[in-house]
Ligand SMILES: [Mn+2]
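In the numbering used here, the protein residues as written are 174 to 561.
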């Protein structure tokens with residue numbers, strides 16, 4: 174997509190301008206970011222999802238058994254029957270994985286890397302409902318889907334910001350409101366990480382939160398070093414073949430630190446392994462149990478495609494590709510495969526196409542590596558045959 178075309182989603186800003194001036198920096202309100210917005214899921218359907226075992230859901234009641242009572246799903250059929258008239262909200266995570274029409278809301282965000290997107294959380298709130306003033310560590314686009322919600326924004330926070338004493342919810346003890354807006358269906362508010370915000374339903378309302386993800390520095394360091402460690406033989410150790418006689422045997426000298434730094438830099442700077450680890454880490458699925466995979470004979474796999482069957486991405490799978498030296502890597506739900514450069518267009522197709530079938534796969538089915546890759550992805554569960 175052309176980064177210099179003004180986008181309705183961004184209120185007429187181009188992707189380049191938005192990234193330069195707002196992304197990770199300051200909030201942006203866009204009236205009618207998605208004009209004529211058609212709410213892709215009804216409150217009843219959302220409540221239905223919250224009954225499902227594999228779906229993460231929460232209910233927050235401002236005046237429950239205690240202030241800001243949190244109840245966790247999955248909920249029983251009658252869980253919504255005895256709720257008060259107002260001041261509660263139902264939140265359901267990763268609805269994009271369960272409702273294709275909600276997944277389609279992500280399409281206009283294609284100017285950002287897919288692997289940065291976490292999920293679309295959908296909330297339904299009764300008048301007065303909300304989760305209190307809080308901040309998130311991630312960027313979020315709050316798209317109003319139904320009814321009206323008042324959004325207030327405040328100060329920039331961090332992990333030292335005082336919170337209310339609450340076991341389950343991180344509600345700010347202080348909220349210094351700086352601006353507020355009432356959002357109507359199709360309106361959208363972008364918030365950068367750490368900005369205090371508070372959304373309150375004006376009437377029965379639904380909000381779609383397109384949430385992003387970014388690993389913490391601590392996660393990057395601990396996970397990458399664990400990954401690296403698997404490739405290092407036990408005999409590779411701190412070594413000091415260049416050692417000089419010590420002047421004081423109890424002192425750890427500067428030259429020891431330099432040897433350690435060399436050892437670290439040599440491995441931490443391995444771009445091949447860093448890319449491999451990063452791609453695997455960022456494509457780890459949120460719900461690995463939904464990447465089932467199946468046993469399938471290669472003949473059956475090919476026969477299905479030749480008979481007109483269609484392959485789709487498992488909505489719970491995460492896919493990405495990258496270049497590693499002369500080669501390519503496909504990352505699929507936490508796994509990676511090194512592939513030759515001639516498969517570039519196939520990798521792009523697998524990551525981006527809505528459907529794979531004998532027409533668009535034609536040339537690849539006669540390529541041994543390409544055909545094998547597709548078959549492996551079906552067995553792994555990142556691709557699956559669509560139900561007719
Ligand atoms: Mn939030």
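Glycine included, every Cβ here is placed at the ideal spot set by N, Cα and C.
Quickly, what does DSSP pair residue i with across the bridge? List them, please.
i, result
"residue 323", "355, 373"
"residue 489", "Answer is none; residue 489 lacks a bridge partner."
"residue 187", "179"
"residue 268", "Its beta-bridge partners do not exist; DSSP assigns none."
"residue 503", "494, 510"
"residue 259", "The partner list for residue 259 (beta bridge, DSSP) is empty, contrary to what the question assumes."
"residue 336", "345"
"residue 317", "380"
Of all the options the options, which has the alpha carbon lying nearest to the alpha carbon of residue i?
i, options, result
"residue 453", "393, 473, 423, 438", "393"
"residue 349", "531, 305, 477", "305"
"residue 464", "501, 508, 424", "508"
"residue 474", "248, 550, 264, 381", "550"
"residue 181", "354, 360, 334, 265", "360"
"residue 367", "373, 302, 312, 403", "312"
"residue 228", "240, 248, 242", "248"
"residue 558", "514, 499, 469", "469"
"residue 192", "177, 206, 204, 205", "177"
"residue 516", "560, 257, 537, 395", "537"
"residue 437", "188, 450, 412", "412"
With a CB to CB cut of under 7 Å and the five nearest residues on each side skipped, what residues in its chain are close to residue i?
i, result
"residue 356", "317, 321, 322, 324, 362"
"residue 526", "533"
"residue 351", "326, 327"
"residue 241", "233, 235, 305, 339, 342, 344"
"residue 199", "365"
"residue 347", "335"
Taking buried to mean at least 16 other C-beta atoms within 10 Å of its own C-beta, is residue i buried or exposed?
i, result
"residue 487", "buried"
"residue 255", "exposed"
"residue 270", "buried"
"residue 197", "exposed"
"residue 445", "exposed"
"residue 201", "buried"
"residue 460", "exposed"
"residue 398", "exposed"
"residue 266", "buried"
Can you list, in chain order, the residues of its chain whose CB lies under 8 Å from that of residue i, leaving out five sequence neighbours each side?
i, result
"residue 495", "448, 452, 501, 502, 504"
"residue 274", "213, 214"
"residue 521", "494"
"residue 419", "426"
Which residues in the same chain have their Cβ closer than 6 Å to the Cβ of residue i, if we skip the five residues on either side of it in sequence?
i, result
"residue 261", "234, 299, 302"
"residue 483", "528, 530, 559"
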